[in-house]
Structures are given as C-alpha cells and as structure tokens.
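There are 2 protein chains.
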Amino acid sequence: MVHNNTIQLPVEDMPTSWYNILPDLPSPLPPPMDPEEGPSRLKNLGNIFSKNILMQEAAEDKYITIPDEVRDLYIQSGRPRPLIRAKRLENELNTPAKLYYKAEFYSPTGSHKVNTAIAQAYYAKKEGYERMATETGAGQWGTALAYACSLLGLELTVYWVRAASSWKAERFRLMQLYGADVCASPSDRTEVGRKMLKEDPNHPGGLGIAISEAIEDVSTDEKAVYSLGSVLNHVLLHQTIIGLETKKQMELVDDYPDVVISCLGGGSNFGGLSIPFFKDRIKNGNDTKFLAAQSEVAPNLKGEYRYDFGDYAEQTPLLKMCTLGHREQIQPIKGDGLRYHAAAPIISALKAAGYIDTLIFPSDEEYVFQRAKKFVQTEGFLPAAESNYSIAAAIDEALECKNSGEEKTILFNISGHGFMDMHGFADVLELQ
Amino acid sequence: MVHNNTIQLPVEDMPTSWYNILPDLPSPLPPPMDPEEGPSRLKNLGNIFSKNILMQEAAEDKYITIPDEVRDLYIQSGRPRPLIRAKRLENELNTPAKLYYKAEFYSPTGSHKVNTAIAQAYYAKKEGYERMATETGAGQWGTALAYACSLLGLELTVYWVRAASSWKAERFRLMQLYGADVCASPSDRTEVGRKMLKEDPNHPGGLGIAISEAIEDVSTDEKAVYSLGSVLNHVLLHQTIIGLETKKQMELVDDYPDVVISCLGGGSNFGGLSIPFFKDRIKNGNDTKFLAAQSEVAPNLKGEYRYDFGDYAEQTPLLKMCTLGHREQIQPIKGDGLRYHAAAPIISALKAAGYIDTLIFPSDEEYVFQRAKKFVQTEGFLPAAESNYSIAAAIDEALECKNSGEEKTILFNISGHGFMDMHGFADVLELQ
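So the sequence lines, in the order shown, correspond to chains A and B. Under my numbering, the first residue of the first sequence is numbered 122, with each subsequent residue one higher. Under my numbering, the first residue of the second sequence is numbered 122, with each subsequent residue one higher.
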C-alpha cells in the first residue's frame, strides 16, 4: 500500500490574504512609544520604513490581500510548501502521537524568511526605493532579503552579526551571489559601529547592534529603506502564510493540532505557524497548547513584560515585549537565530495572556542536536540549527504521549534547512 | 494577475512504473563482456550486485513496476518534484523561447541521486543484505545513498574521491550524520587503494579508482552489496521517474520540448530526464533535439565508441561505451560529477545512433558559472556545480532563439542544489 504522508496544497488553493491577529487579540496591543528623552523614534519611522509596511504594522483589517506580484513570487519560491506526517519518526519513537511538520525548508534560500522578504521588497520597489538595508543574525534573513531584492531589482546592504558571519563564509558568498553588499557588524560604516569597534576591534556583535547600524544607514539616504526580518507586526503578518496553508492542509486530512510547536527567537517563524491557530483558541476557547522552544542563552519569553528598545543603540521606539533587556549579552550558540533579547510584541502579549508555554533547552545544544539527528535519520531532511529546537520539543511531547498513552496531534515547523550550517552539527555532535 | 509558473503533479499522479528503454532502442544494446584475460568479471557480478538489480540491468519489459515501499520513499523524499517555467529568466534573456526546468534540487540530500539510491537500498534490504558499499565523486551520490541506507536500516561504506572530499568537509559530515562510514579514496582499506597510496600518499583519486575499491570491499563480504550511482542500465531505469513526471507535467500545460538538455558525466541525470522523450523520437520520428552539456576535461561523448572497463582497476566487465579510456587522468573541476571517463551504455548507444548533440564547455568554468549566476539572480535557486552546465547550455539555446526568432520549447534538468558547494561559486567567480 502506498502511504501518502505528504500533504500537498494545490497552488490554486494557496491563501489569497494574510491574517492580521491585531483586531482579534484578547486585549489591544500596547502601542509603540517614545522614550522620555532624546529624539522621537516614532517620528523617524516614516524615514526608515515604507508606507505600506507602516500601515500594515497597525492594520485594523483582519485579512490583508496578498498582492498578485507577491503571490507570483510566493509560487516562484515554491509555495505552497508541503505538510508532512512524520510517520517514520513516530514509529522510531513508538509514540501514539501524530506528528506533522511544515516543510518551510523547501525554500530557495533555506528558510521561511523569504515569506516576508518578498513582501517587504515588493512594497519598497512599489514606493520607488532603490536600496534596502537590514541586519542578519544566523544569516538566513540576510540571504532571504538578498534573494527578494535580486528578484525585484533592488540593491541591498546587509549588516551581519560578526559572531555568526565568521563561521558561515558560504552563506556570506550566497548573499553576494544574489548581488548583496554584505559587511560584518559592527562595521566601520556607521557611527554606532565605529564606536563599538573602538571599544573592541573584534567585537562579536549582536542582532541589536546590527539593527542599529542598518537603521542609521537608511536614515541618511532617502532612496534607501530599512527592513526587519522578525519581531514586528507586519513581519508576523506576512509569515501567517505558513499557518494559513497548514490549516488548510490539516483540513485535507481532517485533523487539528492539540499542540503547536516552534522555536522562538524574535518570533516570526513561531508566529507564522501559530497565529492562525491562536485565532481559533481566542475565538472558540479550544484547548490547543502553544509551545515555544528556546535556548537558555536567550529565554526571552521568561523575561519581564515591559517596554524596551528593539536594538542596542536605542534607535527603535519602545515596544512592549517579554524582554531580557536590550543590552543583554547573549552567549553564542549554533542556533544563532534564537539569540534575540525580546519576543515580538504580538507573541509577548499572547504569552502575558497565558496562551504560550515555553521549553528551555541547555546552551550546550547536545540534547537538541541529538534529537535532531534522530529526525535526520528517520525523516531524511537536514534541519537548520534553529529548527533542531522545534524538533527536540516535538520529540519531547511525543515521548510524553508515549508515557501517558495520549494520541495527541502535534504540529511543528521546520523553518529552514541546515545545508549551509553543517559545521554546527559537526561541532556539537563532534563529527569528524 | 497571478502567473503560475510552477507545474505541480499531484502525488496520486506520480508514475507507478519506471520506463525501460532497452527493448525500444534502435538496435539491441551490445552486452557486457569479459576481457580476454583474467578472471570472469561477468561471473563476479552475482557477488557484488543484488539479484533484483541484475535482473533490471537486462530487463526486457518496457515498464517495471515501482514497488510500493519505493513509491512511499519517493513521496517521503518530496516526489513528484515541480517543473518550473523559467519566465523570469526568459524575460532577462529577452528570448522568444520557452524555458522549463525540472526542480530535482528539491531533494532531501540535494540531488536527483536519491531516485536510484532508494530503489537500490530497497532491493538490498529485501534480499537480506546488511551493508552497502559505494564510491562517490562530487559527493552527491554518497549522500543520497547514505540517506537511503539510513531510512531503510542498512550500513554503508563510502569511498570518496579524495580530490573532492578534501574541499567538501560539510558533505562528508552530512554522510556521517546519516550514519555512513566514509573514507577518502584511495584508502588503505583495499588492495587497489593501498597500491595507489604507495605510489602517491596524496593521490587525488578518481571515480574509477573509488569504484574499484568499493567492488573489492563487497567481494570479500557476503553480507555486503555494491551500489553504483550512475552509468548502468538499472540506474538510468530508476532515474526515468524524472522524465516520466516531466512528460505528465508538460501535458498539463499542453507543451512538448523541442530541445531536452542536461549535463552529462556518467549519464544518470541526463538519461533520467531524456529517456522517456527519446522513446517518442525513436517511435514517432519526431525531431526533438537532445543536448548533453559536458566539460572539456571529460568530453566522453566525443570519445571512441568501444568496449572499455568502468573502473580503473579493471574489476568491472567491459561495457560498450563512448569512452576516453578507463585510465584517462581527468583534471579536477568544480563540476566534479562530470568527471567520468565514459558515458552510460544506453546513452552511448543513442549517441552512436546519432540522437545526441553535445556542447563542451571550457575547463575554467567561468563561462558556465556566469550563466548560472544569471539563473540564480532571476529564478532565485542555487544550482549544483554540475547543474550550472545544464543552465549554461539552456541559456545558449535560448539566446540562439533570440537571434533566429524561433519560439522553441527548451527543457532542462537542475539535478541538484549548490548549498553545500558555495565554495565552487566563490572560487570560480572570485567572490570574497
């Protein structure tokens, strides 16, 4: 008998709108604010973001139409992506649970980040900008935006956290192949960068610092616009394409998740998968569990829920977030995309309202990578270091079901592939 | 308007049989032979191959049913894979030609090699073998078989051409992650390996040498079976899944190729795409053109059509092939998978019968990689170094159409992705 564990969504059934959770949140999202001192960051937003993006950031409509050109590019980038029933992993674990994973790793650049990169580059181009600037941590976001800018005919400058860029030369080159101008951050191109380099010429950098550099860059160039790969409302909006597709796919097999899992750094892949399911829980009061997999080096959901800056140099407005503090020094790990001091405002609000559980994994990453190895050897796909956390959490849940006998339906997101980051696996698992 | 350039084949429409061209060839394929001297290689085949594989090697049926478990694993590995109309590349080239590429790069290990790896591992398991041994050149084949052996629960030993293994550490580790035992070839594990190492301790190796090592390995272990990733009839048989899917996909958009293109080393990806279309040309006498893209370091289709060994140490039977000679020293290039001294017997016979044109690209690879860069920047996908040759040939054809005004339909295969081989792009295009 042929078992079809791959749940394809026909292209014509790809969602035509993104889902905006803002009007459906249990209580209104606390707005961004200016700090008591210094220039107005809120007023500066108009200089650094495109108009459409700012409108989406505070949109009131529950559904926002995906422009046709963005839909074309989603299809070009391989959407809709498959949902896969992990039958082989289930057998290996001998669990009564049903495991499903969304295959965002089937992406031209290796991750889910293309979903918002395409949208942001599209609006920038539409509004006449010639260049974008951004930061990147693990490198997945920079690559995704380099891809989108290449396809849409925009220049791109990428400020890449030095700690990650130094061991990911191949990803550096991929961004260059797409035509992007990439520099290690802190760089000598900005005031904030030069200041940090003066303190320490080998400063490892951090996402918050790189954000500051990119914002400073575009603030002085009218033809350039800033782009952020996570955290903000519009980014999560674009990423809902993941969960919206997944809901349709689960309907095709007449199933619905009891547990929705993903790793969480800034929150874009976690939010992308989960937000359309949060909608049901908020509206219908069902008991779906939402589980965020984090590293103990940056357990931001365990942080205080308060107003904080998004970047190191305090160039962003204050956002109400679960935060470790915007100047927290975060230890390097292979799952570099999880190293951010705060969770997206939307995710933070949902956490504060009691909708999200967290699972914190140890910083040596061996537990996580060993579980990921089990996935590789049964399902055959090589996940990104960040996705290993989603897998580890899903396996933990499945093993709990084995003990309890519960036949839970567990959904998780494999947000990227690890072909460019084998070094991570090799180091953690001490391969040759 | 939404343009759907991605032609998905529903899973339920995936072909249920492979197509065996042997009975449809213009004249019977010259059989393998023993050399005049030495032990019988033909008799030894029973010691090194599984029974099912040997039966398929000389099968007389035109269609051979794909076993259900193999079909399951094909689906697990992401089949059917999309066929993509390269509208964005067409626009960039300003050509009246229609370009389609088969997206074999959407593969768990990065290439089309999984198609035969799954089948070969399945038959080995079914016949009670516990271990497989193989050689690999570019590393794509070794990774594919490591994947298949992992999913089917078999051990694997990989002899990897040292010239390639030395600059592809990440792929080395990926094979290990799947659980394979990988060594650089020539190795000290076999007589032939030790002999070559004695001559030169840093011997760069070659596919022919690695084949000799793997054959010697399994010849002395009853529980082990040999597996070859290209050249032989059964490998091309399994790879016809590529072309069979593609034909169905082209029917869905009511089109048919005037030109079928792929790169050619041993011939498995070229054959996989083209053989189902050869069938039509042989049977109906249509004028579809078949174009093999090769490197000037190994233009085996321009070689003599005669009986030759498949390996350096003369352990294989003699096969009638277009060959450069089985001891030809082949200069290293980034497209390592194209470095084989001879073309598959089936492909060689079709070439000798006048059905195949060849396009030979210069060994510095810049011409090829520059054209591939154009593909990356328009279509967004990162091809394997070998696939860059397919792209270069397709672009050359499309530009000819621009000059002649012909609206040809050009089909090509992107047999793998280049995420693990960015070093190749970086070296050839002198990226930072």
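Ideal Cβ positions, reconstructed from N, Cα and C, are used throughout, including at glycine. Remember, predicted model here, so these are calculated numbers, not experimental data.
- Within 10 angstroms of the beta-carbon of residue 161 (chain B) lie fewer than 16 other beta-carbons, which makes it exposed.
- Look at residue 179 (chain A) here: in three-state DSSP terms it is coil, with no helix or strand label.
- At a Cβ-Cβ threshold of 7 Å, residue 350 (chain A) and residue 334 (chain A) do not count as neighbours.
- Of the candidates B:156, B:226, B:237, B:237 places its Cα closest to the Cα of residue 174 (chain B).
- With a threshold of 16 other beta carbon atoms within 10 Å, residue 263 (chain B) meets it and is buried.
- Under the DSSP assignment, residue 336 (chain A) falls in the alpha helix (DSSP H) whose first and last residues are 328 to 340.
- No Cβ-Cβ contact shorter than 7 Å links residue 278 (chain B) with residue 139 (chain B).
- At a cut-off of 7 Å, the C-beta of residue 497 (chain A) has a neighbouring C-beta in chain B.
- For residue 182 (chain B), the CB contacts under 8 Å within the same chain, skipping 5 residues up- and downstream, are 141, 144 in chain order.
- Check the Cα spacing between residue 502 (chain A) and each of B:298, B:165, B:241, B:429: the tightest is with B:298.
- Where residue 389 (chain B) is concerned, there is no enclosing beta strand (DSSP E), although the alpha helix (DSSP H) around it starts and stops at 389 to 405.
- Residues 205, 206, 208 of the same chain have their beta carbon placed closer than 7 Å to that of residue 126 (chain A), with the five preceding and five following residues left out of the count.
- Rounded to whole angstroms, residue 515 (chain B) and residue 521 (chain B) show a C-alpha spacing of 10 Å.
- Going by DSSP, residue 530 (chain B) is part of the beta strand (DSSP E) stretching over 530 to 535.
- At least one beta carbon of chain B lies nearer than 7 Å to the beta carbon of residue 271 (chain A).
- Using a Cβ-Cβ cut-off of 7 Å, residue 177 (chain B) does not count as an interface residue toward chain A, since no Cβ of chain A sits closer than that to its own.
- Just so you know, the alpha carbons of residue 443 (chain B) and residue 464 (chain B) end up roughly 6 Å apart.
- Of the other Cβ atoms in all chains shown, fewer than 16 fall within 10 Å of the Cβ of residue 154 (chain B); this residue is therefore exposed.
- Runs of the alpha helix (DSSP H) lying entirely within the region 471 to 500 of chain B, each at least 4 residues long, are 487 to 500 in chain order.
- Along the region 279 to 307 of chain B, the positions whose C-beta sits under 9 Å from a C-beta of chain A are 290, 291, 292, 293, 294, 295, 297, 298, 299, 300, 303, read in chain order.
- In the displayed model, residue 276 (chain B) falls within a strand according to three-state DSSP.
- Between residue 125 (chain A) and chain B, the shortest Cβ-Cβ separation is below 7 Å.
- Annotation: the continuous beta strand (DSSP E) that includes residue 254 (chain B) extends over 252 to 257.
- In the same chain as residue 542 (chain B), and ignoring 5 residues on each side of it, the C-beta atoms closer than 6 Å to its own belong to 506, in chain order.
- Residues 549, 550 of the same chain have their beta carbon placed closer than 8 Å to that of residue 487 (chain B), with the five preceding and five following residues left out of the count.
- Against chain B, the CB of residue 552 (chain A) has a partner CB under 7 Å away; the residue lies at that interface.
- Per DSSP, residue 185 (chain B) lies in no alpha helix (DSSP H); the unbroken beta strand (DSSP E) holding it starts and ends at 184 to 186.
- The Cβ of residue 249 (chain A) sits no closer than 7 Å to any Cβ of chain B.
- Close to chain A, meaning a Cβ-Cβ distance shorter than 8 Å, is no residue of the region 160 to 173 of chain B at all.
- DSSP lists A:382, A:478 as the bridge partner or partners of residue 412 (chain A).
- Within the region 142 to 225 of chain A, the runs of beta strand (DSSP E) at least 3 residues long that lie entirely inside it are, in chain order, 184 to 186, 204 to 206, 219 to 224.
- Here residue 133 (chain B) is exposed, its C-beta having fewer than 16 other C-beta atoms within 10 Å.
- Listed by position along chain A, the residues whose Cβ is nearer than 7 Å to that of residue 494 (chain B) are 298.
- Residues of chain B whose Cβ lies closer than 9 Å to the Cβ of residue 501 (chain A) are, in chain order, 194, 197, 198, 229, 230, 235, 268, 269, 271, 272, 299.
- Among the residues facing chain A, residue 265 (chain B) is not included, as its CB has no counterpart in that chain under 7 Å away.
- For residue 546 (chain B), at least one C-beta of chain A is nearer than 7 Å to its own C-beta.
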